[in-house]
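Asks: Below is a structure I'd like to ask you about.
Residue numbers (this note's numbering): 15 to 164.
Next up, the structure:
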């Protein structure tokens with residue numbers, strides 16, 4: 015089974031965890047990012063069973079540079095689970111994601127914005143106008159993240 019075709023097997027499998035549509039979209043994005051990287055670096059026709067722990071480690075080192083430990087851990091868990099589900103159909107003997115440990119997550123709280131930063135955000139909100147202005151104001155006054163404001 016090629017990596018490119020593996021998502022459809024995963025979707026149809028009774029072995030996968032039943033999750034919300036939003037989580038499924040996130041999983042697909044993570045899996046497709048991995049495949050896109052494989053196609054750029056290795057072989058665009060690579061089969062699932064040919065993905066080695068070395069390839070996975072190289073990918074995870076690449077990914078680690080751009081994300082927080084929490085995001086990295088979440089993506090790693092998604093990749094493990096997707097691979098676990100497609101392994102039998104792909105005739106893969108081992109899951110190359112299985113032995114990768116999770117990163118310790120930071121317990122440092124995020125700092126509050128300084129007055130100057132809030133003033134700058136308010137200026138940017140005015141410049142953005144429309145719905146962006148409303149979203150900025152909601153975020154500034156409630157402390158909600160952008161997705162929650164939406």
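For each residue, glycine too, the CB sits at the ideal point set by N, CA and C.
Could you tell me the alpha carbon to alpha carbon distance between residue 17 and residue 53, rounded to whole angstroms?
Replies: For the purposes of this step, residue 17 is taken as the residue at position 3 of the chain shown. For the purposes of this step, residue 53 is taken as the residue at position 39 of the chain shown. Roughly 9 angstroms between the two C-alpha positions.
Asks: Per the DSSP calculation, residue 61 is bridged to which residue(s)?
Replies: Taking the first residue of the chain shown as position 1, residue 61 is located at position 47. DSSP output for residue 61 lists 16 as bridge partner(s).
Asks: By Cβ distance below 6 angstroms, which residues in the same chain neighbour residue 67 in space, the five residues on each side in sequence not counted?
Replies: Here residue 67 refers to the residue found at position 53 when the chain shown is read from its first residue. These residues qualify, in order along the chain: 110.
Asks: Please tell me whether residue 94 and residue 69 are closer than 9 angstroms, where the distance is taken between their beta carbons.
Replies: Walking along the chain shown from the start, residue 94 turns up at place 80. Walking along the chain shown from the start, residue 69 turns up at place 55. Not closer than 9 angstroms, so no.
Asks: Which residues bound the alpha helix (DSSP H) around residue 47?
Replies: Counting from 1 along the chain shown, the entry for residue 47 is found at position 33. Element bounds for residue 47: 35-55.
Asks: Is it the case that the stretch 43-52 contacts the stretch 100-108, given that we only count it when at least three CB pairs across the two stretches are under 8 angstroms?
Replies: Too few Cβ pairs lie closer than 8 angstroms, so no.
Asks: Going by the beta-carbon positions, is the gap between residue 136 and residue 154 smaller than 9 angstroms?
Replies: Sequence index remark: in the chain shown, residue 136 carries index 122 (1-based). Sequence index remark: in the chain shown, residue 154 carries index 140 (1-based). Against a cut-off of 9 angstroms, the Cβ pair of residue 154 and residue 136 comes out as a contact.
Asks: Under the rule that 16 or more other beta-carbon atoms within 10 Å means buried, what is residue 150, buried or exposed?
Replies: Counted from its first residue, the chain shown places residue 150 at position 136. Buried, because 16 or more other Cβ atoms sit within 10 Å of the Cβ of residue 150.
Asks: Between which two residues does the alpha helix (DSSP H) carrying residue 145 extend?
Replies: Stepping through the chain shown from its first residue, residue 145 is reached at position 131. 144-156 is the span of the alpha helix (DSSP H), which, as asked, contains residue 145.
Asks: Assign residue 55 to buried or exposed, taking buried as 16 or more other Cβ atoms, counted over all protein chains shown, within 10 Å of its Cβ.
Replies: In the chain shown, residue 55 corresponds to position 41, counting from 1. Exposed: under 16 other Cβ atoms inside 10 Å.
Asks: Roughly how many whole angstroms lie between the Cα atoms of residue 119 and residue 26?
Replies: Position 105 of the chain shown, counted from the start, is the residue given in the question as residue 119. Position 12 of the chain shown, counted from the start, is the residue given in the question as residue 26. Those two C-alpha atoms are separated by around 33 angstroms.
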